[in-house]
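Numbering (the numbering used here), first residue to last: 18 to 305.
#1: In terms of residue numbering, what span does the alpha helix (DSSP H) encompassing residue 41 cover?
#2: Put residue 263 into one of helix, strand or coil per three-state DSSP.
#3: Under three-state DSSP, which class holds residue 168?
#4: Report all residues from its chain with a CB closer than 7 angstroms to the CB of residue 181; omit the five preceding and five following residues, and keep chain order.
#5: Looking at the structure shown, is residue 122 part of a helix, part of a strand, or coil, going by DSSP?
#6: Rounding to the nearest angstrom, what Cα-Cα distance links residue 73 and residue 301 in this structure?
#7: If we ignore side chains and look at the alpha-carbon of each, how far apart do residue 262 and residue 288 end up?
#8: For a minimum of 4 consecutive residues, which ranges assigned as the alpha helix (DSSP H) are wholly contained in the segment 74-150?
#9: Only counting the same chain, and skipping five residues up and downstream in sequence, which positions put a Cβ closer than 6 angstroms to that of residue 250?
#10: Give the single residue among 87, 106, 32 and 52 whose Cα lies nearest to the Cα of residue 292.
#11: Classify residue 89 as buried or exposed, calling it buried when 16 or more other Cβ atoms lie within 10 Å of its own Cβ.
#12: Using the C-alpha atoms, what's the distance from residue 136 back to residue 96?
#13: How many Å lie between residue 165 and residue 159 at the Cα?
#14: Assign residue 145 to one of two classes, buried (16 or more other C-beta atoms within 10 Å of its C-beta) or exposed (fewer than that).
#15: For residue 228, which residues from the same chain have a beta carbon less than 6 angstroms from its beta carbon, with the 5 sequence-adjacent residues on both sides left out?
#16: Specify the secondary structure class of residue 183 as computed by DSSP and reduced to three states.
#17: Please list, in chain order, all residues of the same chain as residue 207 whose beta carbon is under 7 angstroms from its beta carbon, the five residues on each side excluded.
#18: Alpha carbon to alpha carbon, how far is residue 246 from residue 150? Give it in angstroms, no decimals.
#19: Could you give the distance in angstroms between the alpha-carbon of residue 174 and the alpha-carbon of residue 248?
#20: Let me know the secondary structure DSSP gives residue 195 once reduced to three states.
#21: Within 10 Å of its beta-carbon, does residue 277 have 16 or more other beta-carbons around it, so buried, or fewer, so exposed?
#22: Using the beta-carbon count (16 or more within 10 Å), is residue 266 buried or exposed?
#23: Excluding the 5 residues flanking residue 284 on each side, which residues of the same chain have their C-beta closer than 6 angstroms to its C-beta?
#24: Going straight from the alpha carbon of residue 87 to that of residue 81, what length do you get?
#25: Buried or exposed: residue 303, going by 16 or more other Cβ atoms within 10 Å of its Cβ?
#26: Am I right that residue 111 and residue 258 are in contact with their C-beta atoms under 8 angstroms? What's the rounded C-beta distance?
#27: So the candidates are 298, 280, 282 and 256; which of them puts its Cα closest to the Cα of residue 8?
#28: Would you report the Cα separation of residue 252 and residue 200, rounded to the nearest angstrom?
#29: Taking a contact to mean a Cβ-Cβ separation below 8 angstroms, would you say residue 119 touches residue 230 in this structure?
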């Protein structure tokens with residue numbers, strides 16, 4: 018847990034810097050963007066700028082620790098196959114949501130060319146997100162915990178931090194109120210208060226199951242190629258699903274989806290938990 022805390026404190030320091038700099042940046046009038054989005058983007062920028070020095074300080078700035086300890090040919094095939102599997106896994110979830118009428122077809126979907134452009138953005142964005150997040154969570158964080166505390170601790174704590182951080186986002190600031198330093202620290206506090214909102218429990222459970230599944234894939238393959246592909250495939254399906262379907266809050270089983278992205282929730286937690294259990298059983302039987 019101590020290693021996980023160090024990683025969390027690094028991310029927290031980046032958020033504090035973003036909180037300090039958002040008010041003066043907004044005061045310049047250069048940006049026509051909501052303050053909470055500016056704060057979020059600044060935090061992400063500081064994370065990217067500081068991640069390599071942080072990893073060097075932790076002794077994790079090498080290919081093996083980051084999950085790239087195999088040849089490019091192996092990594093490329095793993096990313097490709099992982100992407101296809103990720104699309105299939107989440108497509109089955111989306112089909113279940115449609116069958117239960119939790120999501121319904123959008124009566125005015127994007128036009129074909131516009132949808133193709135969105136899909137291309139989702140593919141490229143998913144790959145970028147997959148590389149960055151998997152290098153951090155299933156790469157450096159997983160390797161550091163596993164080296165010190167073993168496999169089970171690495172699986173749980175990397176998944177737990179992954180799930181928690183996805184819910185830690187600054188909320189919107191009302192346009193009618195002046196944004197200043199006090200407002201910035203209010204947004205900062207909201208980042209943590211969101212974690213104690215019981216309405217997010219389904220999202221937290223789903224993301225925890227996702228993190229456990231990806232951690233198990235990392236452990237059994239020895240690298241993060243499959244994790245990157247899976248992650249990118251999931252991003253694509255979620256983005257396309259949001260373009261082609263709408264959430265139906267009046268559906269009898271609408272409670273099975275949370276308000277994070279309109280796709281994950283209790284049903285996703287059950288689906289990913291089942292896949293994780295089956296995958297673990299498969300590899301246990303292979304070792305017998």
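Ideal Cβ positions, reconstructed from N, Cα and C, are used throughout, including at glycine.
According to the structure shown:
#1: Where residue 41 is concerned, the enclosing alpha helix (DSSP H) starts and stops at 19-44.
#2: Residue 263: strand per DSSP, three-state reduction.
#3: The three-state secondary structure of residue 168, taken from DSSP, is helix.
#4: The residues are 212.
#5: The answer is strand: DSSP assigns residue 122 an E or B state.
#6: Distance between the alpha carbons of residue 73 and residue 301: 35 angstroms.
#7: Distance between the alpha carbons of residue 262 and residue 288 is about 20 angstroms.
#8: Taking 4 residues as the shortest admissible run, the segment 74-150 contains the following complete alpha helix (DSSP H) segments, listed from N- to C-terminal end: 80-83 and 89-116.
#9: Annotation for residue 250: 100, 103 and 104 place their beta carbon closer than 6 angstroms to its own, counting only its chain and skipping 5 residues before and after.
#10: Ranking 87, 106, 32 and 52 by Cα distance to residue 292 puts 106 first.
#11: Around the beta carbon of residue 89, a 10 Å sphere encloses fewer than 16 other beta carbons of the protein chains shown; the residue is thus reported as exposed.
#12: Approximately 18 angstroms, taken between the alpha carbons.
#13: When rounded, the distance between both Cα atoms is 10 angstroms.
#14: Label assigned to residue 145: exposed.
#15: Listed in chain order, the non-local C-beta contacts of residue 228 below 6 angstroms within the same chain comprise 176, 179 and 180, local neighbours out to five positions each way being set aside.
#16: In this structure, residue 183 counts as helix in the three-state DSSP scheme.
#17: Counting only Cβ-Cβ distances below 7 angstroms, and skipping sequence neighbours, we find 187 and 188.
#18: In a straight line, the C-alpha of residue 150 is about 12 angstroms away from that of residue 246.
#19: Each residue's CA atom was taken as its position, placing residue 174 and residue 248 some 19 angstroms apart.
#20: In the displayed model, residue 195 falls within coil according to three-state DSSP, outside both helix and strand.
#21: Flag for residue 277 reads buried.
#22: Of the residues assessed, residue 266 falls on the exposed side of the cut-off, its CB having fewer than 16 other CB atoms within 10 angstroms.
#23: 273, listed in sequence order.
#24: One Cα belongs to residue 87, the other to residue 81, and the distance between them is close to 8 angstroms.
#25: Residue 303 is exposed by the Cβ-count criterion.
#26: About 5 angstroms separates the two Cβ atoms, so the contact holds.
#27: In this structure the chain extends from 18 to 305, so residue 8 is not present and cannot be described.
#28: The alpha-carbon separation between residue 252 and residue 200 amounts to approximately 32 angstroms.
#29: Against a cut-off of 8 angstroms, the Cβ pair of residue 230 and residue 119 comes out as no contact.
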